[in-house]
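Enquirer: In the working numbering, the protein residues as written are 1 to 325. Don't be surprised by glycine CBs; every beta carbon is placed ideally from N, CA and C. Quick caveat: nothing in here was measured; it's all calculated off a predicted structure.
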């Protein structure tokens with residue numbers, strides 16, 4: 001052996017292995033979940049008109065437009081003359097809901113038709129005619145009311161816009177009629193207490209989803225089915241307090257107004273002066289609520305989504321790469 005020590009090369013240090021990691025794609029933070037019923041009972045959005053302001057603007061639009069106040073006088077009077085000519089025998093207190101919003105107005109028509117013709121062929125004929133006539137009147141009225149909310153005046157242009165809304169309003173009337181008929185067939189099976197509450201909830205729900213449709217049809221002129229879908233989307237927007245407004249109107253239009261109307265238990269063809277005054281004031285209030293819905297639709301129209309809002313699935317970040325051994 002050689003005396004020289006064998007020189008061994010020191011082991012070369014390998015550079016540390018770089019772990020291959022894939023850069024995760026930026027993940028957007030998930031949108032905060034809205035609590036159940038947030039669209040119905042959530043906090044009021046300060047950017048949207050409050051219920052008192054909306055009602056105030058609706059009342060102002062009606063009382064500052066003499067033509068609309070005249071309609072609130074003439075239409076109940078003509079309706080009573082037609083009903084008496086057809087042989088109606090009942091309380092003139094019904095006049096307080098002649099210009100009510102559907103489905104409350106539809107409920108009024110069904111009760112009047114049952115009193116006139118009973119539940120038979122005559123009832124169906126009267127209901128069909130009432131749906132068409134009320135649809136025409138409501139569409140033309142909405143055209144004028146939207147114009148009054150926009151410009152504080154009415155003209156032939158408002159009537160032209162109302163004519164364009166007739167298909168939508170007729171569809172709203174048919175939907176209200178179907179809702180009431182189905183409610184009378186289904187809800188009695190739940191018992192007198194729960195069935196009555198379910199029927200009331202159905203009427204409020206019908207106004208909730210359909211309340212914006214006439215004004216939306218006047219303003220946008222879209223097909224009837226599309227307009228009704230947009231009305232429902234607008235009602236479901238968080239912060240509108242639309243359900244509260246609908247419940248308030250329903251409470252005023254049926255139990256309060258009908259229960260305290262003068263001559264409510266009187267059956268006569270010649271209503272008292274107090275009955276006519278009450279009918280005038282309440283029908284002006286109905287038009288004011290119609291203007292309230294129009295005012296609120298104009299306020300939220302720009303933010304109503306074109307398509308139904310879908311929940312986005314949040315993507316989980318990719319798993320960490322395994323280290324090489």
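Where does the unbroken alpha helix (DSSP H) through residue 231 begin, and where does it stop?
Expert: 224 to 235 is the span of the alpha helix (DSSP H), which, as asked, contains residue 231.
Enquirer: Taking residue 166 and residue 139 to be in contact with their CB atoms under 8 Å, please state how far apart those CB atoms are, rounded to whole angstroms.
Expert: With a Cβ gap of about 4 Å, residue 166 and residue 139 count as contacting.
Enquirer: Based on Cα-Cα distance, which residue from 247, 267, 215 and 51 lies nearest to residue 163?
Expert: Taking only the C-alpha atoms, the option nearest residue 163 is 215.
Enquirer: Got a sec, what are the start and stop residues for the alpha helix (DSSP H) residue 260 sits in?
Expert: Here the alpha helix (DSSP H) through residue 260 covers 257 to 260.
Enquirer: Helix, strand or coil, according to DSSP, for residue 293 in the structure here?
Expert: Correct three-state label for residue 293: helix.
Enquirer: For residue 259, which of 76, 78 and 96 has the nearest alpha-carbon?
Expert: It is 96.
Enquirer: Check residue 23 in the structure and name its three-state DSSP category.
Expert: Low confidence applies here, because residue 23 scores a pLDDT of 47, under 50, leaving its location unreliable; read the following figure in that light. Residue state, collapsed to three classes: coil.
Enquirer: Please confirm if the region 283 to 298 is in contact with the region 54 to 68, defined as three or more CB-CB distances below 8 Å between the two stretches.
Expert: Contact holds: three or more Cβ-Cβ distances are below 8 Å.
Enquirer: Is it true that the CB of residue 210 sits closer than 8 Å to the CB of residue 178?
Expert: Taking 8 Å as the Cβ cut-off, residue 178 and residue 210 do not qualify as a contacting pair.
Enquirer: Residue 63: which of 297, 307, 281 and 302 sits nearest, CA to CA?
Expert: Here the closest residue by C-alpha is 281.
Enquirer: Closest to residue 245 by C-alpha separation, out of 296, 116, 191 and 186, would be which residue?
Expert: Residue 296 is the option with its Cα nearest to residue 245.
Enquirer: Under a Cβ-count criterion, where at least 16 other Cβ atoms within 10 Å of its own Cβ denotes burial, should residue 147 be classed as buried or exposed?
Expert: Buried.
Enquirer: Just to confirm before moving on: does the CB-CB distance between residue 176 and residue 102 stay below 8 Å?
Expert: Yes. Within cutoff.
Enquirer: Taking a contact to mean a Cβ-Cβ separation below 8 Å, would you say residue 225 touches residue 217 in this structure?
Expert: No, these two residues do not count as a Cβ contact at 8 Å.
Enquirer: Over what stretch of residues does the alpha helix (DSSP H) that includes residue 182 continue unbroken?
Expert: Start and end: 166 to 186.
Enquirer: Take residue 173 and list the residues in its own chain whose beta-carbon comes closer than 7 Å to its own, dropping the five residues that flank it on each side.
Expert: The residues are 102, 106, 131, 134 and 135.
Enquirer: Can you name the start and end residues of the alpha helix (DSSP H) that residue 142 belongs to?
Expert: Here the alpha helix (DSSP H) through residue 142 covers 121 to 151.
Enquirer: Buried or exposed for residue 153, going by 16 or more other Cβ atoms inside 10 Å?
Expert: When all chains shown are included, residue 153 counts as exposed.
Enquirer: Comparing alpha-carbon positions, which option in 294, 114, 303 and 92 lies nearest residue 212?
Expert: It is 294.
Enquirer: Does the separation of the CB atoms of residue 82 and residue 269 fall below 8 Å?
Expert: For residue 82 and residue 269, no; Cβs fall outside 8 Å.
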